[in-house]
Amino acid sequence: MKTQERIPKTRIERAAHIAGAGVKVGGNYLKHYAKKLVNADVSREELHKDNAGDIYETLSTLKGSALKVAQMMSMDRGILPREYQEKFQLSQYSAPPLSAPLVNQIFRKAFGQPPSAFFDEFTSKAVAAASIGQVHKARSKDKWLAVKIQYPGVANSIGSDLRMVKPFAVRLLNMSKNDIDNYFDEIEGKLLEETNYALELKRSIELSAACAHIGNLNFPTYYPEWSSDKIITMDWLEGMHLKEFLATNPSQEVRNRIGQALWDFYDFQIHELKTVHADPHPGNFLFLNDGTVNIFDFGCVKEIPDRFYTPYFRLVDRNIYKDREKSLAIFKELELLHDDDTEADIAFFTPLFREMIDMLTLPFTQDTFDFGNEQYFGGIYQFADKLIEMPEVRNSKKARGSRHSLYINRTYYGLYHILFDLKAVVNTGSRKFY
Amino acid sequence: MDNSSLLEKYIQYQLEHGKKPESVYVFMKKLKKTDADFFAHFSNFEALDRYFWVNVFETTRQKLEADKQYSDFGASEKLSAFYFLWTQELMQYRSYVLYLAEKSIKGINPMDKALHDFRHAFLDYASSIVSAGIGAGQIADRKFISEQFKHGLWVQTLFLLNFWLKDTSKDFEDTDAAIEKTVNIGFKLMGENLFDEVLDFGKFMFQRAKNSFS
Ligand SMILES: Nc1ncnc2c1ncn2[C@@H]1O[C@H](COP(=O)(O)OP(=O)(O)O)[C@@H](O)[C@H]1O
Ligand SMILES: [Mg+2]
């Protein structure tokens, strides 16, 4: 694990960091347009790479909440999706380690004793980094355990971190402050929940019990007696992270089986439980060569309100567009369109949203879907690129899309991304939406 | 009466009255004791003031030394463990320390006479941390300069004390974070040339200031 230089600790220092990224990104855009004047072929990809690099560098030194916000922003409007995502996926693995005395202190505050009093073995160093803490491996009798420990003071800094990222987000997303506030509210709520390990423990236990029947998935047993609002203890899980797993060249059959298990997992949560593990980040799964997946980290869970769920999935039915009134009403329910939109706005945005939704819901409309299809995936990214090229989109001050879409879209993006990496062929058509 | 029960009554008196007792005589009379009972332990209130701080320090050190894991720790971990336990030990006296800090504008002042014995004991302890760090290659060994590191650690101690006093976070977790971060940074400074530069710059500034006054 790489030890980070240091976390900028004061508000001023952090603010300076964020301002730094803003300036650099601005500079990159300038460079880009200057180059474009001379040579029209300069790829946006290049610009995105520069931006993603600078923003990543800056935000990764802040860690935790600021990084998450950047992740969310990059996913929502399709801003720098591919380049960002690659960079951000690495971020999971580079938190600053907690010292052994600090780990003892956190244990003492929770249980009155250091880990050595509870476990027969306890690694003095972390075996994995978590976004706001780290994971140790421990043994109690013949049982191996994973103990996730949170960095002190994280929850306290979320509010001020977000306040500092906000102006930056306003610039990058070009939205009105009001709409940004609405999104930030959603994100802040989720981030605060993620720092609440007591809540995570409760949800982990509930959701893994509810999903236990799904084939080829394994969930750890959780141990409330060794858990607190800063500590979660569960069974140690074997398996590999996605990259390592793919490097072992798993057979198509194994990849399909895993892809199916993940699909079924999300399908059941979204449509039956209406509560979903909203962080399908490759760092949150451990893959095994026998075609099973180990699932943990229920830190980010989205409860889907009916008033969002119903219109969102009605759009799977392409026939809905035959009735203009009906489809416009649904777009409004989803806050993609607003009452004060002009006819021109409607004429401009409707086909765009339709294209986007058709693309994202395409797997639902087919019996089996090959997620390895490069063309399908390339299409999603091209679409995102097309969006930011459009001045109407860039300059629209209104948020397009309900706050609930943030985490739901992110969940689908994340899931599709993993399925694409797996090159899995999945039965996706079993659920009937209409 | 023993040292600690005298200390306890002395603290109690100040917290209740908002000031020191007028005299040893008055104080002991309130306790229905003679002043000889006091002087058998302390020569005056100032000695008791010093005892308070050094006592918390010694208690912390003894507890650490009784802990098996502590002896396996490296230098920086030892120091962190010290700060964690020390702030924990101070917790039972938090009201009193807040009361002491209120008397001065800048919180607990490193020059405070009451800290004298604590400071000596701490510098002694800090030397052992520094030599352990040098032995393990964690701290750069340089003539004259390494000798000064312990004073840096003393300043850090007072910084953390005042941080803890102002900490309003739940369960004082910000203090824990501050300890972790300052110890990491401190060891980084002691391991690199940066410290020499800072010291050199300090000397430079000191000389300039002196010259401009003379
Ligand atoms: N039960 C477990 N068994 C083995 N490794 C685990 C376990 N839980 C977490 N890890 C490791 O720790 C990393 C971070 O854990 P995670 O729960 O995802 O933290 P965060 O909530 O910060 O995302 C994982 O990517 C994984 O490598
Ligand atoms: Mg995770």
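Just so you know, the protein sequences line up as chains A and B, in that order. Start counting the first sequence at 18; every next residue gets the next number (my numbering). Start counting the second sequence at 34; every next residue gets the next number (my numbering). Ideal placement from N, C-alpha and C gives every residue a C-beta, glycine not left out. In this text the structure is predicted, and so the values were computed from the model without any measurement.
Alpha carbon to alpha carbon, what distance is there between residue j and residue i?
i        : j        : result
B:Phe182 : A:Glu138 : 36 angstroms
A:Ser268 : A:Ser157 : 36 angstroms
A:Gln102 : B:Met124 : Residue placement at A:Gln102 cannot be trusted, given a pLDDT of 49 that sits under 50; what the coordinates show is reported in the next sentence. Going from the Cα of A:Gln102 to the Cα of B:Met124 covers about 45 angstroms.
A:Thr27  : B:Asp207 : For A:Thr27, the predicted structure reports a pLDDT of 45, less than 50, and the residue's modelled location is therefore unreliable. The matter cannot be settled from this model.
A:Asp357 : A:Gly418 : 15 angstroms
A:Lys80  : A:Lys183 : For A:Lys80, the predicted structure reports a pLDDT of 47, less than 50, and the residue's modelled location is therefore unreliable. The matter cannot be settled from this model.
A:Asn121 : B:Thr93  : 16 angstroms
B:Ser247 : B:Met34  : Only weak support exists for where B:Ser247 lies, its pLDDT of 43 falling under 50; the value from the coordinates is given anyway. Answer to the nearest angstrom: the Cα atoms are 54 angstroms apart.
A:Lys415 : A:Gly431 : 25 angstroms
B:Ser37  : B:Ala147 : 17 angstroms
A:Phe380 : A:Arg448 : The sequence shown places Pro at residue 380 of chain A, not Phe. Roughly 11 angstroms separates the two Cα atoms.
A:Ile222 : A:Thr238 : 8 angstroms
A:Ile397 : A:Arg331 : 21 angstroms
A:Glu255 : A:Ala163 : 11 angstroms
B:Tyr58  : B:Phe117 : 38 angstroms
A:Ile175 : B:Met61  : 52 angstroms
A:Lys260 : A:Val271 : 15 angstroms
A:Phe394 : A:Thr250 : 37 angstroms
A:Ile197 : A:Glu210 : 20 angstroms
A:Ile24  : A:Asp384 : Here the model assigns A:Ile24 a pLDDT of 39, short of 50, so the residue's position is not dependable, and the following value carries that caveat. Distance between the alpha carbons of A:Ile24 and A:Asp384 is about 49 angstroms.
B:Glu187 : A:Arg324 : The residue asked about is misnamed: residue 187 of chain B is Trp in this sequence, not Glu. Straight-line Cα distance between these residues: approximately 60 angstroms.
A:Ala134 : B:Ala99  : 15 angstroms
B:Lys111 : B:Lys221 : 15 angstroms
Using a threshold of 9 angstroms, state whether the C-beta atoms of residue i and residue j are closer than that.
i        : j        : result
A:Arg420 : A:Asn199 : yes
A:Leu179 : B:Asp209 : no
A:Glu234 : A:Thr309 : Note that residue 234 of chain A is Leu in the sequence shown here, rather than Glu. In contact: A:Leu234 and A:Thr309 (Cβ atoms closer than 9 angstroms).
B:Leu131 : B:Leu194 : no
A:Gln286 : A:Asn444 : no
B:Tyr84  : B:Phe115 : no
A:Ile149 : A:Val171 : yes
A:Leu351 : A:Thr367 : no
A:Pro322 : A:Ile347 : no
B:Lys53  : B:Gln47  : yes
B:Ala154 : B:Phe205 : no
A:Phe450 : A:Val293 : no
B:Gly185 : B:Gly219 : yes
A:Thr428 : A:Asp296 : yes
B:Ala169 : B:Ala108 : yes
A:Lys160 : A:Thr140 : no
A:Glu320 : A:Phe365 : no
A:Leu224 : A:Val318 : yes
A:Ile231 : A:Pro169 : no
Tell me, please, which residues DSSP counts as bridged to residue i.
i        : result
B:Asp105 : The partner list for B:Asp105 (beta bridge, DSSP) is empty, contrary to what the question assumes.
A:Arg274 : None, per the DSSP bridge assignment.
A:Met407 : Partner(s): none; A:Met407 has no beta bridge.
A:Phe139 : A:Ala155
A:Leu234 : A:Val310
A:Tyr239 : A:Met251
B:Asn217 : Looking at the DSSP assignment, B:Asn217 forms no beta bridge with any residue, so it has no partner.
A:Thr292 : A:Glu320
A:Met257 : A:Phe304
A:Asn444 : A:Thr385
Which chain B residues are close to residue i, counting only those with a beta carbon under 7 angstroms from its beta carbon?
i        : result
A:Ser245 : By Cβ distance, chain B contributes nothing, its closest Cβ being about 10 angstroms from A:Ser245, past 7 angstroms.
A:Gln122 : Phe117, Asp209
A:Asn173 : Ser202, Asp207
A:Lys126 : Asp204
Name, please, each residue of chain A whose Cβ falls closer than 8 angstroms to the Cβ of residue i.
i        : result
B:Phe177 : Correct list: empty, because the minimum Cβ distance to chain A is about 27 angstroms.
B:Phe106 : Ala117, Pro118
B:Tyr213 : Sequence inspection shows Glu at residue 213 of chain B; the Tyr mentioned does not correspond to that position. Neighbours of B:Glu213 on chain A, chain order: Leu115, Ser116, Leu119, Pro169.
Residues of chain B with a CB under 8 angstroms from the CB of residue i: which are they?
i        : result
A:Gly170 : Ser202, Glu206, Asp207, Asp209, Ala210
A:Ser133 : Gln102
List the residues of chain A whose Cβ lies closer than 7 angstroms to the Cβ of residue i, in chain order.
i        : result
B:Ser38  : None at all; the shortest Cβ gap to chain A is about 26 angstroms.
B:Glu110 : Ser116, Ala117, Pro118
B:Ala99  : Simply none; closest approach about 13 angstroms.
B:Ser113 : Ser116, Pro118, Leu119
For a contact meaning CB atoms closer than 9 angstroms, what does residue i contact in chain B?
i        : result
A:Lys165 : Within 9 angstroms Cβ-Cβ: nothing; A:Lys165 doesn't reach chain B, min ~16 angstroms.
- Entirely within the region 334-401 of chain A and at least 3 residues each: give me those beta strand (DSSP E) ranges in chain order. 385-387
- Message: So within the region 142-223 of chain A, which uninterrupted beta strand (DSSP E) runs reach at least 3 residues, ignoring any that extend past its ends?
- Response: 145-147, 150-157, 160-167
- Whole beta strand (DSSP E) runs in the region 299-336 of chain A with 3 or more residues, listed along the chain? 302-304, 310-312, 318-320
- Item | Any alpha helix (DSSP H) of 4 or more consecutive residues that is wholly inside the region 124-188 of chain B | 127-135, 149-168
- Please specify which runs of the alpha helix (DSSP H), each continuous and at least 4 residues long, are wholly inside the region 56-93 of chain B, giving them in chain order. 57-63, 68-72
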